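Data first, discussion second: the structure below is written as structure tokens.
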Amino acid sequence: MRRKVIAGNWKMNMLPNEAIAFIESLTPLVKDTENEVILCVPYTDLFYSLLTAQGTNIKIGAQNMHFEESGAYTGEVSGKMLKCIGVEYVIIGHSERRQYFAETDETVNKKIKTALANELKPIVCVGETLEQRESGKTEEIITTQTRLALDGLSSEQLSNVIIAYEPIWAIGTGKTATSEDANNSIKAIRNEVAKLYGDEVASEMIIQYGGSVKSSNAKELFTTSDIDGGLVGGASLKADEFAKIVNYNK
Ligand code: 13P
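Okay, so the sequence shown: first residue is 24 according to our numbering, each after it adds one.
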């Protein structure tokens, strides 16, 4: 049985004092869940969040990192920098980074490799645009993105990788993919992983859904055959709403 992983992506929101207050409120609300709880916070909140989450079941992730180990890359943050303060997860290739910051399948692949080399667990985002969806290309796009993202990784490395299927048209729009559509897309991703690594690895891979997940639709989405939890944007900014999503099965 695969575990369910519920991750919040705060994007460019939350000051350190807000992050601390959020984690203090969330802690008692999610302490009894068997689901994995992750908060991916801005760089400036990482240290405060890690300290506040110490001794709880809340894990902390970053939202991006550079693929080089170190060097003259002004403004960038390396995998080692994240790892050494205690960060466990890192989102790689979010569609907002692909769209606004020139992230490509190639940089996504390099970042995944550097993340794993630094013992960080990447949450790798794939997803189609509305135009691609309407022209019937969803499956082709998401399986290609998956293949290119994972290029060169071993099966052992894959056990530390999470994939998040986030249809771009569903992000921040209030439009959610139907649970059936999302489940089918995630099945297509899982099939692609099976082609590359075999059925056993594919059946153990955690693949989340992201795109307007909220407490009112979490249960329907997360109780399908292949959706292993969610990557939650807007609804992860309020502790009680995010806790309801984490506790969707209570
Ligand atoms: P929303 O939940 O706000 O649609 O954002 C989804 C997302 O991009 C999570 O990474």
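Quick reminder that beta carbons are idealized off the backbone N, C-alpha and C, glycines included. Please read these numbers as outputs of a predicted model, since none were measured by experiment.
Environment of residue i [buried if 16+ CB atoms lie within 10 Å]
| i | result |
| --- | --- |
| Glu-119 | buried |
| Asp-263 | exposed |
| Met-35 | exposed |
| Glu-51 | Rather than Glu, the amino acid found at residue 51 in this sequence is Pro. Exposed, because fewer than 16 other Cβ atoms sit within 10 Å of the Cβ of Pro-51. |
| Glu-47 | exposed |
Residue i versus residue j - alpha carbon distance
| i | j | result |
| --- | --- | --- |
| Tyr-271 | Ala-241 | 6 angstroms |
| Glu-91 | Ser-101 | 7 angstroms |
| Tyr-71 | Ile-114 | 19 angstroms |
| Lys-134 | Lys-103 | 12 angstroms |
| Ser-15 | Phe-45 | Not covered by the structure: residue 15. The range shown for the chain is 24 to 273. |
| Ser-226 | Ile-83 | 25 angstroms |
| Leu-254 | Asp-174 | 23 angstroms |
| Ser-158 | Ile-229 | 28 angstroms |
| Ile-250 | Ser-93 | 36 angstroms |
| Tyr-123 | Gly-150 | 15 angstroms |
Distance CB(residue i)-CB(residue j) smaller than 9 angstroms
| i | j | result |
| --- | --- | --- |
| Leu-176 | Lys-237 | no |
| Ala-30 | Ile-61 | yes |
| Arg-156 | Glu-215 | no |
| Leu-105 | Leu-143 | yes |
Where the beta strand (DSSP E) containing residue i begins and where it ends
| i | result |
| --- | --- |
| Ile-146 | 144 to 149 |
| Gly-31 | 28 to 32 |
N-terminal and C-terminal residue of the alpha helix (DSSP H) that residue i is part of
| i | result |
| --- | --- |
| Tyr-123 | 118 to 123 |
| Gly-102 | 102 to 108 |
| Lys-136 | 128 to 140 |
key: Beta carbon shell of ligand 1 at less than 6 angstroms from a heavy atom   = Chain-ordered list of matching residues: Asn-32, His-117, Glu-189, Ile-194, Gly-195, Gly-233, Gly-234, Ser-235, Val-236, Leu-254, Val-255, Gly-256, Gly-257 and Ala-258.
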